[in-house]
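My numbering puts the first residue of the sequence shown at 3, with every later residue one more than the last.
Backbone N, C-alpha and C define an ideal beta-carbon position, used for all residues, glycine too.
Since the structure comes first, as structure tokens, the remarks are kept for the end.
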Amino acid sequence: MKTFLQLVAHDIYSKLGNNLSRVAIVFPNKRASLFFNEYLALESQQPIWSPSYHSISELLQSLSDIQIGDDIKLISMLYNVFEKHTESKETLDDFYFWGELLLSDFDDIDKNRVDAENLFTNLKDLKDLVDTYEFLDEEQEAAIQQFFDNFSLEKRTILKDRFISLWDKLGNIYTSFKEELFKEKIAYEGMLYRHNIEQLDTNDLQYDHYVFVGFNVLNKVESLFFEKLRDADRALFYWDYDQFYTSYKGFTHEAGVFINRNLDLFPNQLSPECFNELNKPKKITYISSSTETAQARFLPQWIENNLGEKEKETAVVLCNEALLLPVLHSIPSKVQNLNITMGFPLAQTPICSLIKALMELQNQGYNAKQGYYNYQSILAVLKHPYTRQLSTTAKDLEKTIIDKNMFYLYPSQIKQDDFLEQLFSPQLTTTDFCKYLIQIIELCTPLYRKDEKEENVFDQLYRESLFKAYTLINRIYGLIDSGELPIKISTLKHLIDKVLSSANIPFHGEPAIGMQVMGVLETRNLDFKNLVMLSVNEGQLPKSVSESSFIPYNLRKAFGMTTIEHKNAVYAYYFYRLIQRAENITLIYNTASDGLNKGEISRFMLQLLVEWPHSIERKHIEAGHALTTTPDIQFDKTPEVFQKLKERYDISLPNHEKAILSPSALNTYLDCKLKFYYRYIAGLKAPNEVSDEIDAALFGSIFHRAAETIYKDLADRQGWIKKEDIQALLKIKPRIQEHIDNAFKKLFFKIDETQKPEYNGIQLVNSRVICSYIEQLLKHDLEYAPFQIVGMEKTVEEQMTVSTPSGQYSIKIGGNIDRLDLKEGILRIVDYKTGGTAKTPQDISQLFEPAIDRPNYVFQTFLYASIVSNKVKYQVAPSLLYIHRAAAEDYSPVIQMGQPRKEKIAITNFKMVEDEFKNKLQELIKDLFERDICFTQTEFPETCQYCDFKGLCKR
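The structure is reproduced here in structure tokens:
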């Protein structure tokens, strides 16, 4: 296979000889020159004078002393001109991002040498005078007419009036903006190109011959440049194409639209016989992939089967450049040399993630009025790997914030070492903020000093990323410090984010050696024998491009500006040109719908399927997910496990007098023995995290705490709660709210009672709901009063002994009772419930039988009753007070029992069921200490949905 660049090198050498020092060879981009130079050297056995190599951009910029301006500075200058001509009160912050659109339009106007005065003329004049524009052909005139058919000047709207008002001023803005730039001797790209070429005298050019290689679509400025050199007989043109799409019968092939035009205007130096490769048989394979990353996982297999002796004849082309990292991880060791033409995205480096975290910290994360940071922003910075390496206290501080559920922290609370002091210093101006980021980057540089440790490729890459980020932010800082960029911090954040996201870090290597990993644009002028393209999907090839512009489509088309059809035709050419000389071609596309990617095959693949006269093989890649079954999990009571069980609950062991087996633990054991093992024997628990949300458990705890303090205040010295006291309290809602606020401070905000809690919207709603629940409780007790409070959040416990074949064990059972109240000889054990549904057990046995709807609340309250009943002389009535049901007039919290659809019995005296309950309880605890009974999973997977250990048992 002879590549295009080989053909060009041979032809140039045969025509211009071996002294090429007065020859400039111009490529669309710089990369092709590296390969071309190698081919040119092979043409002669003797040393030759090398030509000068240029990209078209470098050549056009070199024709004058005007420099390309920084985009940020250009937009700032454009804003000043815009403000002057429109007298707008719009700030630079509001203008900036649509100013980019305006600058892009001006750039396109100049690159296509549009008469801006005619384009931006008054719309009414444009409509009336359309017949006088002799430069318009029929198609362009029709495009303008279509614009006015859709844009009626007679039917006015506010939006249309605003557009017309701005449009009438754009011509003056365009002219004044260019005048200001010329004064500064800077320009945007299109302006510089247009100025340099329109003023160009070919006699002043440096080289005798200019050789243009491998171009496709030409803007009007480039066409004029080519024409001037052609007419001066100082240019040679080499176009790369294939007759398959330039001479396609029946219609004009979009891949050949611009090439055919160029061939007519600037004849090719190579014979047409060199360009008939795509009609020849080739091995073309289409492969559909079920996921994006499955393509990368398939790559080692493809390389194993297709990599030849000359690695540089093989290329991996990424239509979706986000696949770079997965592809690099998939390159097998068989590849000896690898050249990556794409840069590594700066956005995927640690310094970029740190900068974004700091921008969030100092912007949304800092409350300037109150002077504190919010926890989300703090934790994002503390968890960053750079913070962990440079701060000695970051890890401990993170743990403290999580353990104490701290939502807001003042800088003084966070500055616990030198690095944290730098990180958590508030920055209130854009100048200070840029200096702050630059300083943080400088503090990170010691992490990658060459003399400290043996380097790997990532150390080099990340060191480069620090330098790149430093220069980008320093550039913005210079503009802000000089007063040229007066923007707010919020705009600065978006600007820095955009600049960092679009930046790349180049890989270092020898481009002409080894297998190539490339983006589509880097393939221009290059040919490969073995080719695999990944993500050949709609939206990736051709790229879905934004059509945002101030200039309506029909006017763009009429005045010869770039349109979507131009861009699609360019990508069509890239696709067909890349495959025309390849012999072994694999095109892979992703069938999965994900976000903007709809899993649609590229139109170019479908087109080739129809047009190409030879067969195309089609295959499919599956992601390779195997069906797995999770075995049942159980833990035997081995000597080690049993010893842990005894140490946890057997109070006869030395120093274990305080060990208590709680109702919650027993409920857990009844519902799922494995969960009991994980939580109470293995000691596992869900990791703590700061949360500003209030779950059901925390909601209940806050309610319990508020109720406890309210009733302690209500009770007199003997503990009596009187009707008149409840009535008085119900009239003073702020007093009730004070108790609730104090409960929030203690259990949620974890702050001192003297501090003021700062509720967000959801927290405030929860506070109001708890307040209504407290009022409901007070109203219910108003009907029950007077009664005597015996205890609030009272701890009760009882010792019992169980005998098993393995031995005798002393166990203490107990827990905290929400409330004990006494009236008329009945001691109620009251357990508050702020949610859930009351369940009526059929009998005592049901409390001990595992089931989806086992009455576990009743079990807990009965357990408390069994402990208390032998310690008091009163009747004990176990009660579950469901707050949300307490409004009913006949509501009684005393637990009832009975068969369905039969009369229920209220357990006003626990003695009625005490013996049976205690016998069942004895059997349960004996079961717990029975060595032969394992810790197994529940038989009811439906209950696993919200279990903390769901991930461990794979339910």
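For residue 592, the uninterrupted beta strand (DSSP E) run begins and ends at 586 to 592, by DSSP. Under the Cβ criterion (8 Å, minimum of three pairs), the stretch 349 to 368 counts as touching the stretch 492 to 504. In the three-state DSSP reduction, residue 433 falls in the helix class (H, G or I). Relative to the Cα of residue 342, the nearest Cα in the group 518, 28, 431 and 220 belongs to 518. In the assembly as shown, residue 310 is an exposed residue. Its beta-carbon has fewer than 16 other beta-carbons within 10 Å. Here residue 193 is buried, its C-beta having at least 16 other C-beta atoms within 10 Å.
Secondary structure at residue 234: coil, using DSSP grouped into helix, strand and coil. With respect to the 8 Å criterion, residue 578 and residue 954 are not classified as neighbours on the basis of their beta carbons. Taking the CA atoms as reference points, residue 268 sits about 24 Å from residue 524.
Secondary structure at residue 756: coil, using DSSP grouped into helix, strand and coil.
In the DSSP secondary-structure assignment, residue 213 is bridged to 27 and 238. A direct Cα-to-Cα measurement between residue 353 and residue 642 gives close to 48 Å. The beta-carbon separation of residue 816 and residue 869, rounded to 6 Å, stays under the 8 Å limit for a contact. Its chain contains 659, 661, 812 and 814 as the residues whose beta carbon lies nearer than 6 Å to that of residue 653, once the 5 sequence neighbours on both sides are disregarded; these appear in chain order.
Collapsing the DSSP output to three states places residue 821 in a strand. Boundaries for residue 842: no beta strand (DSSP E) harbours it, and the DSSP string shows neither H nor E there. With respect to the 8 Å criterion, residue 11 and residue 212 are not classified as neighbours on the basis of their beta carbons. Excluding five sequence positions before and after residue 573, the CB atoms of its chain that fall closer than 8 Å to its own CB belong to 522, 543, 544, 545 and 606, given in chain order. The residue from 56, 36 and 176 with its alpha-carbon nearest to that of residue 87 is 176. Counting C-beta atoms within 10 angstroms of its own C-beta, residue 115 has 16 or more neighbours from the protein chains shown and is therefore classed as buried. Per the C-alpha coordinates, the member of 744, 484, 304 and 464 positioned closest to residue 587 is 304. Under DSSP, the beta-bridge partners assigned to residue 622 are 290. Take the alpha-carbon of residue 743 and the one of residue 410: they are about 17 Å apart.
For the stretch 758 to 806, the full-length beta strand (DSSP E) segments reaching 3 residues or more read 789 to 806 along the chain. Contact check for residue 750 and residue 407: beta-carbon distance about 7 Å, within the 8 Å limit, so the pair qualifies.
If only complete runs of 4 or more residues are kept, the stretch 359 to 396 shows the alpha helix (DSSP H) at 377 to 384 and 387 to 392, in order along the chain.
Closest in C-alpha terms to residue 581, from the list 540, 858, 236 and 535, comes 535. Taking one beta carbon from each stretch, the stretch 785 to 803 and the stretch 757 to 774 have fewer than 3 pairs nearer than 8 Å; the two do not touch. Cβ neighbours of residue 888 within its own chain (closer than 8 Å, five residues either side excluded): 778, 779, 781, 782 and 895.
Residue pairing by DSSP places residue 833 opposite 882 in a beta bridge.
Close CB contacts of residue 433 within its chain, under the 8 Å cut and outside five residues either way in sequence, are with 479, 482 and 483 (chain order). Residue 8 sits in a helix when the DSSP states are folded into three classes.
In this structure, the CA atom of residue 39 is about 12 Å from the CA atom of residue 513. Check the Cα spacing between residue 203 and each of 187, 23, 585 and 229: the tightest is with 229. Between residue 306 and residue 336, the C-beta spacing is below 8 Å. Taking C-beta atoms as the reference points, residue 897 and residue 881 count as a pair closer than 8 Å.
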